[in-house]
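Visitor: One structure follows; several queries about it will come next.
Residue numbers (my numbering): 104 to 387.
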């Protein structure tokens, strides 16, 4: 029995402690806290109706208010949109904007996997998903998200070579979004979208890539021209075989050539000369 109790006690001690709740109830403020709250309520009642204008606050549709009573977040978390009530002297509140925020990632000098230095910038779209976490878990959620985006961009691009960075921008953006979303989950931040704007290459590298592309195009052009000459020679060979089988085909070809030239250049006159007349001169 003692061994089982010791084992159960050891097992309970090894369990990780639970994190403190962010949304504390009013019963945690203690006796002194309740005394101060009572004095605050009494002061508000004495100064009516002037104190009403100090106690009633308005939160817009895209905002949420985090109310602190004696330093503790009230039960229920964020308030709004609309009207809410605070006590003078003991309550304070912070407004949190819930709209989507856009910011540009400054150009980052990144060394790629194939040892090429490139300058890459991007755009990040995010919003506050949980106002309580954004206020209680981090000092400045906006600044932290911006710095994390810059670091994530460097880390992700450092594992890619230059060809992958230029061709797989969508995959890189999706990987960055997943990484940022997981990292900012404890801050109450939801990363909605990440886009790679521009990839700037060094001037010497641009010239080398342009020369390589030009040489590749010239090589393809020469191959295509050689293939065209080969196909044309084959066609001429087949045409010569057809003409050799029928002597009258050569005369028809003469007439076609004459018709074509007469339609384009009327001042040019061609007299077809039969080859039989030239055979006598060739023999002499």
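Note that CB positions come from ideal geometry on N, CA and C, so glycine has one too.
Alpha carbon to alpha carbon, how far is residue 286 from residue 248?
Guide: Taking the straight line from one Cα to the other gives about 9 Å.
Visitor: If residue 231 and residue 299 are in contact, beta carbons under 8 Å, what's the gap, nearest whole angstrom?
Guide: About 24 Å; that fails the 8 Å criterion.
Visitor: Spell out a yes or no on whether the region 227-241 and the region 162-175 are touching, meaning 3 or more CB-CB pairs, one atom from each, closer than 8 Å.
Guide: At 8 Å Cβ cutoff, the stretches touch.
Visitor: What separation, rounded to the nearest whole angstrom, lies between the Cα atoms of residue 146 and residue 257?
Guide: For residue 146 and residue 257, the distance between alpha carbons rounds to 56 Å.
Visitor: For residue 182, does the count of other Cβ atoms within 10 angstroms reach 16, so buried, or fall short, so exposed?
Guide: Residue 182 is buried by the Cβ-count criterion.
Visitor: Measuring alpha carbon to alpha carbon, tell me which residue in 267, 292 and 204 is nearest residue 241.
Guide: Residue 292 is the option with its Cα nearest to residue 241.
Visitor: Between residue 284 and residue 193, what straight-line distance do the alpha-carbon atoms span, to the nearest angstrom?
Guide: Those two C-alpha atoms are separated by around 36 Å.
Visitor: Comparing C-alpha positions only, which one of 204, 187 and 205 sits nearest to residue 197?
Guide: For residue 197, the nearest C-alpha among the options comes from 187.
Visitor: Does the distance from the C-beta atom of residue 227 to that of residue 261 stay below 8 Å?
Guide: No, the pair does not count as a contact, with Cβ atoms beyond the cut-off.
Visitor: From what residue to what residue does the alpha helix (DSSP H) around residue 284 run?
Guide: Segment 272-286, the alpha helix (DSSP H) holding residue 284.
Visitor: Within its chain, find whatever has a CB closer than 8 Å to the CB of residue 144; leave out the 5 residues flanking it on each side and keep chain order.
Guide: For residue 144, where only same-chain residues beyond five positions count, the Cβ hits under 8 Å are 190.
Visitor: Where do the N-terminal and C-terminal ends of the alpha helix (DSSP H) with residue 167 fall, by residue?
Guide: Element bounds for residue 167: not the alpha helix (DSSP H) but the beta strand (DSSP E), 166-172.
Visitor: What are the residues that DSSP puts in a beta bridge with residue 194?
Guide: DSSP lists 172 as partners of residue 194.
Visitor: Could you give the distance in angstroms between the alpha-carbon of residue 365 and the alpha-carbon of residue 338?
Guide: One C-alpha to the other measures close to 25 Å.
Visitor: DSSP on residue 345, reduced to helix/strand/coil?
Guide: Correct three-state label for residue 345: helix.
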